[in-house]
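What follows is a short report on a single structure.
In our numbering, the protein residues as written are 745 to 1086.
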């Protein structure tokens, strides 16, 4: 009898040990303490963030537009938009801005246990929502190609001397207006990144997090990339060129994959699929490329009370303004980002 009771005691202890180990594994996964490939991917993401240092935006000028948060889209909240995305698209949105906590994908434990608990807590222990933050749209300084009236798009020239001065001026305008961002979003193009960094230096905000997303890249001008705007207007007519530049749905001729400006040859976009790399874009294409970043990331930051500065390109900002203010298709052709005027 004593032997049987002793064996049962050992069995119970072993079961408790296995249960404790299982709980520890679940907790460790939920907090990200995972070994092997996950640690390697974390190191890779950290290296990517380190290599993406200052380097940033639109082809001409520097202007500041300040907008209060509005939601004129077809979705009440960013979560509604997120749920409407297909699984593959959600995966892409989660994994962008690699490795930063703002875009980290929730663990399985958090999705199964944490989210229902969070919903219940919100339902029974509601508190006042924070005051929405302010959205600051900044068109970066003139690029070297913009100075020469060259179609730039996804090509990556740096800022001109005038562009640097414009960015410094934009920073001073922010200081005078008392607008201090908490988070900065910009594209992966060096003229935009450098613009964001110059502005951050002017406002004493070098410590601010800067998230670089391909979704904020300038509109892709296809086979027009690298060509002189004036020369193309002489050869094809001003009306055609103006339609390519200003209208909502007109696309320039596509770029060939053998072209040196094809983004698939650039390591900045090594994490993108071939389907995500444009060969040519209309303003509508550029706007839809930007929409997930706005709906699922930037809007969430604003709702949490953060002031967000988006330092991007002329067409990217035009698309964002259309999304936010619900501007009509015909009216958007008249929208432009003026030089150096807040």
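Beta carbons: idealized from backbone N, C-alpha and C, even for Gly.
Source: prediction; values computed, not measured.
Rounded to the nearest whole angstrom, the CA to CA distance from residue 956 to residue 763 is 43 Å. When the five nearest sequence neighbours on each side are left out, the beta carbons in the same chain lying within less than 8 Å of the beta carbon of residue 967 are those of 996, 997, 998, 999, 1000, 1003, 1024, in order along the chain. Taking the Cα positions, residue 896 is about 6 Å away from residue 969. Counting only runs of 3 or more residues that sit fully inside the segment 927-975, the beta strand (DSSP E) segments are 927-930, 954-956, in chain order. Boundaries of the alpha helix (DSSP H) harbouring residue 1031: 1027-1037, taken from the DSSP string. Beta-bridge analysis with DSSP links residue 1002 to no other residue.
For residue 1043, the enclosing alpha helix (DSSP H) starts and ends at 1043-1047.
The C-beta of residue 878 has 16 or more other C-beta atoms within 10 Å across all chains shown, which makes the residue buried. Contact annotation: residue 964 and residue 889 have beta-carbon atoms that are not nearer than 8 Å.
For residue 1059, same chain residues with a beta-carbon under 7 Å away, outside a window of 5 residues either side, are 962, 963, 1027, 1030 in chain order. Residue environment: residue 929 is assigned as buried (16 or more neighbouring CB atoms within 10 Å of its CB, all protein chains considered). Counting of Cβ neighbours within 10 angstroms places residue 1017 among the exposed residues, the total staying below 16. Between the alpha carbons of residue 942 and residue 864 lies a distance of about 44 Å. Bridge partners of residue 991 according to DSSP: none are assigned.
Within a 10 Å sphere around the beta-carbon of residue 1073 sit fewer than 16 other beta-carbons, which makes this residue exposed. Look at residue 903 here: in three-state DSSP terms it is strand. It is roughly 37 Å from the alpha-carbon of residue 1061 to the alpha-carbon of residue 860. The three-state reading of DSSP puts residue 896 in coil, since its state is none of H, G, I, E or B. Beta-bridge annotation (DSSP): residue 887 is paired with 903. Three or more Cβ pairs closer than 8 Å define a contact, and the segment 1048-1057 meets that threshold against the segment 920-928.
Between the C-alpha atoms of residue 1068 and residue 954 there is a straight-line separation of about 22 Å.
Residue 875 sits in coil when the DSSP states are folded into three classes, being neither helix nor strand. Within 10 angstroms of the beta-carbon of residue 950 lie fewer than 16 other beta-carbons, which makes it exposed. Sequence-distant partners of residue 1077 (beyond 5 residues in either direction) whose C-beta falls short of 8 Å from its own C-beta, in its chain, are 990, 991, 992.
Only residues of its own chain outside the window of five on either side were considered, and among them 879, 929, 1052, 1054 have a CB closer than 8 Å to the CB of residue 1042, listed in chain order. Rounded to the nearest whole angstrom, the C-alpha separation of residue 873 and residue 1047 is 8 Å. The DSSP-derived three-state label of residue 983 is helix.
Counting only the Cα atoms, residue 1040 lies some 38 Å from residue 982.
Excluding sequence positions up to five before and after residue 919, its CB lies within less than 8 Å of the CB of 946, 947, all in the same chain and listed in chain order. Rounded to the nearest whole angstrom, the CA to CA distance from residue 985 to residue 875 is 44 Å. Under the DSSP assignment, residue 1063 falls in the alpha helix (DSSP H) whose first and last residues are 1058-1069.
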